[in-house]
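*Asks:* The structure that follows is given in the form of structure tokens.
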Amino acid sequence: MRHLELLAPAKNLECGMAAVDHGADAVYTGASRFGARAAAGNSVADIAELCTYAHRFGVKVYVTVNTIVYEDELDDTQRLIWDLYRAGADAILVQDMGLLKMQLPKIALHASTQTDNRSAEKVNWLLEHGFERVVLARELAIDEIRAIHERLPQAELEVFVHGALCVSYSGVCYVSQHCFSRSANRGACAQFCRMKFDLIDASGNVIERQRYLLSMKDLSQIEHLEELAEAGATSFKIEGRLKDIAYVKNVVSAYSQKLNQLVRKYPQRYCRASLGKVEYAFEPSLKKTFNRGYTDYFARGRQQGIASFDTPKAMGEHVGHVKELRGNSFNVASTASFANGDGLCFINSDRELVGFRVNRAEGNRLFPLKMPEGLKPGMSLYRNNDEAFGKVLARQTAVRKVPLHMKLRLTSDGVELETAIVHGGEYVQRRVDHLQCEHQQAQKPQRENIVRQLTKLGSTPYTCSEVELDPAVEGLFIPSSLLADLRRRATDALMNPPLNLTDEPRTLPTPPERKQTLAWTPQYKRHSYLYNASNHLSKAFYEEEGLKGLDDAFEVKKPQPAEALLMQCRHCIRFSLGHCVKYGGTKPTWKEPLYLQLGDNRRFRLDFNCAECQMDLYAE
Numbered sequence: 011m012r013h014l015e016l017l018a019p020a021k022n023l024e025c026g027m028a029a030v031d032h033g034a035d036a037v038y039t040g041a042s043r044f045g046a047r048a049a050a051g052n053s054v055a056d057i058a059e060l061c062t063y064a065h066r067f068g069v070k071v072y073v074t075v076n077t078i079v080y081e082d083e084l085d086d087t088q089r090l091i092w093d094l095y096r097a098g099a100d101a102i103l104v105q106d107m108g109l110l111k112m113q114l115p116k117i118a119l120h121a122s123t124q125t126d127n128r129s130a131e132k133v134n135w136l137l138e139h140g141f142e143r144v145v146l147a148r149e150l151a152i153d154e155i156r157a158i159h160e161r162l163p164q165a166e167l168e169v170f171v172h173g174a175l176c177v178s179y180s181g182v183c184y185v186s187q188h189c190f191s192r193s194a195n196r197g198a199c200a201q202f203c204r205m206k207f208d209l210i211d212a213s214g215n216v217i218e219r220q221r222y223l224l225s226m227k228d229l230s231q232i233e234h235l236e237e238l239a240e241a242g243a244t245s246f247k248i249e250g251r252l253k254d255i256a257y258v259k260n261v262v263s264a265y266s267q268k269l270n271q272l273v274r275k276y277p278q279r280y281c282r283a284s285l286g287k288v289e290y291a292f293e294p295s296l297k298k299t300f301n302r303g304y305t306d307y308f309a310r311g312r313q314q315g316i317a318s319f320d321t322p323k324a325m326g327e328h329v330g331h332v333k334e335l336r337g338n339s340f341n342v343a344s345t346a347s348f349a350n351g352d353g354l355c356f357i358n359s360d361r362e363l364v365g366f367r368v369n370r371a372e373g374n375r376l377f378p379l380k381m382p383e384g385l386k387p388g389m390s391l392y393r394n395n396d397e398a399f400g401k402v403l404a405r406q407t408a409v410r411k412v413p414l415h416m417k418l419r420l421t422s423d424g425v426e427l428e429t430a431i432v433h434g435g436e437y438v439q440r441r442v443d444h445l446q447c448e449h450q451q452a453q454k455p456q457r458e459n460i461v462r463q464l465t466k467l468g469s470t471p472y473t474c475s476e477v478e479l480d481p482a483v484e485g486l487f488i489p490s491s492l493l494a495d496l497r498r499r500a501t502d503a504l505m506n507p508p509l510n511l512t513d514e515p516r517t518l519p520t521p522p523e524r525k526q527t528l529a530w531t532p533q534y535k536r537h538s539y540l541y542n543a544s545n546h547l548s549k550a551f552y553e554e555e556g557l558k559g560l561d562d563a564f565e566v567k568k569p570q571p572a573e574a575l576l577m578q579c580r581h582c583i584r585f586s587l588g589h590c591v592k593y594g595g596t597k598p599t600w601k602e603p604l605y606l607q608l609g610d611n612r613r614f615r616l617d618f619n620c621a622e623c624q625m626d627l628y629a630e
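And the structure:
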């Protein structure tokens with residue numbers, strides 16, 4: 011039976027605990043340093059508290075140490091990983107291969123998507139070097155994931171199913187560093203891909219003016235979970251380590267319920283990777299959570315509609331269109347319910363997003379705080395802040411409990427209580443606690459009282475699914491206080507199991523000898539800074555792989571290379587504009603190369619690499 015894992019983001023301790031409560035099987039979070047979201051760091055103490063809470067539900071905690079590491083940070087990085095291990099973390103996500111040359115604790119290693127994982131060859135190479143799991147590139151189609159799984163069935167494959175999309179393959183995007191000295195490989199991306207550009211041809215003609223040509227919609231693969239599971243995906247990852255608790259509650263709930271449907275459909279094939287059942291107090295809706303419009307990206311191959319050229323901001327759900335303007339108000343043709351405080355928006359005649367807040371709602375007649383300029387009858391309206399839904403999410407919205415099986419047996423000098431947690435038809439936790447007491451016969455049967463005392467689980471994360479009593483026990487008088495103490499001992503021990511730690515370092519496997527130099531794509535041969543070797547350990551690692559004289563990582567290379575390759579994208583502007591002949595588009599009339607130009611006149615050359623069906627962006 012395969013375990014399906016829903017992996018949720020945790021900006022902080024509060025979000026991590028909410029993810030657990032709402033059905034996550036694992037959470038990933040960032041430490042104080044060296045995470046690919048520099049603004050989402052947490053103390054080791056908070057991570058330890060999250061681990062304690064999560065482990066009560068069989069939920070794992072993964073910590074991101076997935077940036078490149080500079081030379082003067084190596085010792086701090088190694089100390090941090092040991093601290094995370096002692097805090098109870100189940101795995102660390104890694105980008106920098108120099109970490110494999112360190113003395114690491116016996117903690118699982120996951121290859122971050124920052125290691126640019128888009129082929130079976132790369133996944134196999136990572137497995138050979140001791141990684142237990144590989145986070146695949148967001149761009150991969152379901153068939154590509156299936157091909158990797160069929161070649162490497164032993165590999166744990168983690169796939170993104172929801173959230174923001176990077177337009178470049180992760181780990182090989184240098185444009186933020188190039189333009190703003192803020193490295194995506196250091197968790198400080200400046201969101202270059204959410205900026206406005208002019209698209210200019212080689213003759214200086216403007217093809218597209220002031221549009222968000224690199225801004226992707228948000229990913230949603232909630233309708234593909236069954237296909238992804240069949241293709242071999244192990245873990246279904248929700249992006250969002252910068253998102254708030256409302257986002258976590260809503261999105262985790264939606265995906266958890268969908269996975270539960272899959273498990274119920276195939277009970278002999280799948281089960282969830284963690285423990286417990288969740289009771290929800292609301293109906294999740296992905297339309298009501300922050301989104302730029304949804305796409306399943308390349309799940310079924312290349313398609314139109316993956317980008318949002320008009321705005322990089324969240325538009326939310328479509329709620330109708332403007333019917334008529336009436337002074338300081340307007341009427342909406344809609345079946346939606348509106349509330350005071352709702353945030354609405356529309357695309358004006360200049361293809362710009364305009365947002366406003368509803369001061370008062372009287373049915374479908376809305377009174378904004380100020381009538382927005384450019385609003386016209388017939389325009390579509392979107393709601394990017396649902397005030398009523400937000401109030402629902404601000405309350406307690408879920409309770410998660412783990413079913414316990416209890417069995418009370420007679421012993422020679424008292425009784426013993428066996429408590430067990432069964433998952434997937436197997437015992438995952440089991441313990442026996444002894445109570446020494448006299449075998450005093452009661453005046454009347456005690457079954458009802460014994461069951462009542464044993465099942466008073468209150469604020470614990472447990473609920474009792476079954477109580478089995480030896481017939482001889484039912485006739486004994488056992489003081490309620492002793493039964494309560496026996497129950498508390500059992501649940502306290504289940505809630506706080508000891509960490510099985512060791513000071514012995516992890517031993518990594520010896521990979522096979524290489525007969526040829528590693529090059530994951532042709533670009534790696536031409537630009538060896540793509541290997542992101544930012545310290546002597548990572549350089550030594552690659553030298554052992556046969557890569558001699560490797561360039562420094564882009565972030566430390568001085569001076570930066572002229573006409574540097576800054577982005578590698580499966581998104582193709584030529585295709586999106588309907589001019590890819592390979593896919594039936596019209597032959598363009600413009601003269602190539604094409605350039606993207608920022609408002610400050612900085613230009614970037616586009617290279618349409620049709621052999622690999624890829625668009626590359628170069629510095630000018």
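The opening residue of the sequence shown carries number 11 in this note's numbering; numbering runs sequentially from there.
Ideal placement from N, C-alpha and C gives every residue a C-beta, glycine not left out.
Would you say the segment 368-380 touches the segment 340-359, given that touching needs at least three Cβ pairs under 8 Å?
*Replies:* As far as the Cβ criterion goes, the segment 368-380 touches the segment 340-359, which means the pair count is three or higher.
*Asks:* Nearest CA to the CA of Leu518: which residue from Met11, His13, Pro115?
*Replies:* Counting from 1 along the sequence shown, the entry for residue 518 is found at position 508. With distances taken between Cα atoms, Leu518 lies closest to Pro115.
*Asks:* Got a sec? Which residues, its chain only, sit under 8 Å from Ile152 by beta carbon, not counting five neighbours each side?
*Replies:* Within the sequence shown, residue 152 is the residue found at index 142, counting from 1. His234, Glu237, Leu238, Ala241, Ala309, Arg310, listed in sequence order.
*Asks:* Under three-state DSSP, which class holds Asp208?
*Replies:* Reading the sequence shown from its first residue, position 198 is the one you call residue 208. Strand, per DSSP.
*Asks:* Classify His188 as buried or exposed, calling it buried when 16 or more other Cβ atoms lie within 10 Å of its own Cβ.
*Replies:* Position 178 of the sequence shown holds residue 188. His188 comes out buried.
*Asks:* Does the segment 85-105 come close enough to the segment 567-586 to have 3 or more Cβ pairs within less than 8 Å?
*Replies:* Contact fails between the segment 85-105 and the segment 567-586, because fewer than three Cβ pairs, one in each stretch, are under 8 Å apart.
*Asks:* If contacts are defined as beta-carbon pairs under 8 Å, then Phe356 and Ala324 qualify, I think. What distance do you get, rounded to the angstrom?
*Replies:* On the sequence shown, residue 356 is found 346 positions in, with the first residue counted as 1. On the sequence shown, residue 324 is found 314 positions in, with the first residue counted as 1. With a Cβ gap of about 14 Å, Phe356 and Ala324 do not count as contacting.
*Asks:* The beta strand (DSSP E) spanning Asp626 covers which residue range?
*Replies:* Within the sequence shown, the letter at position 616 stands for residue 626. Looking at the DSSP string, the run of the beta strand (DSSP E) that includes Asp626 is 624-629.
*Asks:* In chain order, what residues of the same chain have a beta carbon less than 6 Å from the beta carbon of Asp480, not counting five sequence neighbours either side?
*Replies:* Taking the sequence shown and counting its residues from 1, the one referred to as residue 480 is at position 470. Within the same chain, Asp480 has close Cβ partners Arg419, Leu420.
*Asks:* Note down, in chain order, each residue of its chain lying with its Cβ closer than 8 Å to the Cβ of Phe377, except the 5 sequence neighbours on either side.
*Replies:* Residue mapping note: residue 377 aligns to position 367 of the sequence shown, counting from 1. Cβ within range, chain order: Asn338, Ser339, Val368, Asn369, Arg370, Ala371.
*Asks:* According to DSSP, is Cys25 part of a helix, a strand, or is it coil?
*Replies:* Indexing the sequence shown from 1 puts residue 25 at position 15. Reduced to three states, the DSSP call for Cys25 is helix.
*Asks:* Taking the alpha helix (DSSP H) that His546 belongs to, which residues open and close that run?
*Replies:* Here the question's residue 546 lines up with position 536 in the sequence shown. Residues 546-554.
*Asks:* Could you work out which residue in Cys579, Val364, Asn374, Leu391 is closest to Glu383 when comparing CA atoms only?
*Replies:* The residue you call residue 383 lines up with position 373 of the sequence shown. It is Val364.
*Asks:* For Tyr541, list the residues DSSP reports as bridge partners.
*Replies:* Counting from 1 along the sequence shown, the entry for residue 541 is found at position 531. Answer is none; Tyr541 lacks a bridge partner.
*Asks:* If the criterion is Cβ atoms closer than 9 Å, does the pair Val104 and Asn127 meet it?
*Replies:* As a first step, residue 104 is located in the sequence shown; it is residue number 94 there, counting from the start. As a first step, residue 127 is located in the sequence shown; it is residue number 117 there, counting from the start. Not closer than 9 Å, so no.
*Asks:* Can you tell which of Ser422, Glu154, Tyr539, Leu467 has its C-alpha closest to the C-alpha of Gln446?
*Replies:* What you label residue 446 is simply residue 436 of the sequence shown in a count that begins at 1. Here the closest residue by C-alpha is Ser422.
*Asks:* Could you give the first and the last residue of the continuous beta strand (DSSP E) run that contains Thr39?
*Replies:* Position 29 of the sequence shown holds residue 39. Where Thr39 is concerned, the enclosing beta strand (DSSP E) stretches over 36-40.
*Asks:* Return the CA-CA distance between Met389 and Lys298, expressed in angstroms with no decimal places.
*Replies:* Mapped onto the sequence shown, residue 389 falls at position 379. Mapped onto the sequence shown, residue 298 falls at position 288. For Met389 and Lys298, the distance between alpha carbons rounds to 20 Å.
*Asks:* Could you work out which residue in Val185, Leu296, Asp56, Pro471 is closest to Cys25 when comparing CA atoms only?
*Replies:* The residue given as residue 25 occupies position 15 in the sequence shown. Of Val185, Leu296, Asp56, Pro471, the residue nearest in Cα terms is Asp56.
*Asks:* Given a cut-off of 9 Å on the beta-carbon distance, is the pair Leu16 and Leu269 in contact?
*Replies:* Position 6 of the sequence shown, counted from the start, is the residue given in the question as residue 16. Position 259 of the sequence shown, counted from the start, is the residue given in the question as residue 269. Yes; because the gap between Cβ atoms is below 9 Å, this pair is in contact.
*Asks:* Quick check on His444: buried or exposed, where buried means 16 or more other Cβ atoms within 10 Å of its Cβ?
*Replies:* The residue you call residue 444 lines up with position 434 of the sequence shown. That one is exposed.
*Asks:* If you check the beta carbons only, do Ile248 and Val171 fall under 9 Å apart?
*Replies:* Sequence index remark: in the sequence shown, residue 248 carries index 238 (1-based). Sequence index remark: in the sequence shown, residue 171 carries index 161 (1-based). Yes. Within cutoff.
*Asks:* Answer with buried or exposed for Asn542, where buried requires no fewer than 16 other C-beta atoms within 10 angstroms of its C-beta.
*Replies:* Counting from one through the sequence shown, the residue named residue 542 turns up at place 532. Classification of Asn542: buried, given that the 10 Å Cβ count is 16 or more.
*Asks:* Gly108 to Ile91, Cα distance in whole Å?
*Replies:* Reading the sequence shown from its first residue, position 98 is the one you call residue 108. Reading the sequence shown from its first residue, position 81 is the one you call residue 91. One C-alpha to the other measures close to 13 Å.
*Asks:* DSSP state of Gly181, grouped into three classes?
*Replies:* Translated into positions along the sequence shown, residue 181 becomes position 171. Correct three-state label for Gly181: coil.
*Asks:* Can you name, in chain order, every residue of its own chain whose Cβ lies under 7 Å from the Cβ of Tyr257, other than the five neighbours on each side?
*Replies:* For this step, residue 257 is matched to residue 247 along the sequence shown. Correct list, in chain order: Gly250, Thr299, Phe300.
*Asks:* Under the DSSP definition of a beta bridge, which residues are partnered with Val144?
*Replies:* Taking the sequence shown and counting its residues from 1, one reaches residue 144 at position 134. The partner list for Val144 (beta bridge, DSSP) reads Ala121, Leu167.
*Asks:* Which of helix, strand or coil does DSSP assign to Ile357?
*Replies:* Residue mapping note: residue 357 aligns to position 347 of the sequence shown, counting from 1. Of the three classes helix, strand and coil, the one that applies to Ile357 here is strand, per DSSP.
*Asks:* Between the beta-carbon of Leu167 and the beta-carbon of Val133, is there less than 9 Å?
*Replies:* The residue given as residue 167 occupies position 157 in the sequence shown. The residue given as residue 133 occupies position 123 in the sequence shown. For Leu167 and Val133, yes; Cβs fall inside 9 Å.
*Asks:* Whose CA, out of Gly286, Ala346, Leu540, Tyr222, lies closest to the CA of Arg361?
*Replies:* For the purposes of this step, residue 361 is taken as the residue at position 351 of the sequence shown. Taking only the C-alpha atoms, the option nearest Arg361 is Tyr222.
*Asks:* Just list the residues that DSSP pairs Tyr257 with in beta bridges.
*Replies:* Counting from 1 along the sequence shown, the entry for residue 257 is found at position 247. Answer is none; Tyr257 lacks a bridge partner.
*Asks:* Touch check for the segment 472-479 and the segment 68-83: three-plus C-beta pairs under 8 Å?
*Replies:* no
*Asks:* Give every residue of the same chain whose Cβ lies closer than 6 Å to the Cβ of Gln9, excluding the five residues on either side of it in the sequence, and list them in chain order.
*Replies:* Since the first and last residues shown for the chain are 11 and 630, residue 9 lies out of range.
*Asks:* Let me know the beta strand (DSSP E) ranges lying completely inside the segment 407-447, each 3 residues or longer, listed in chain order.
*Replies:* 408-421, 424-433, 436-446
*Asks:* Go ahead and pull the three-state DSSP assignment for Leu235.
*Replies:* Residue numbering aside, residue 235 sits at position 225 when the sequence shown is read from its first letter. It is helical.
*Asks:* Can you give the Cα-Cα distance for Ala157 and Ala101, rounded to whole angstroms?
*Replies:* Taking the sequence shown and counting its residues from 1, the one referred to as residue 157 is at position 147. Taking the sequence shown and counting its residues from 1, the one referred to as residue 101 is at position 91. Taking the straight line from one Cα to the other gives about 26 Å.
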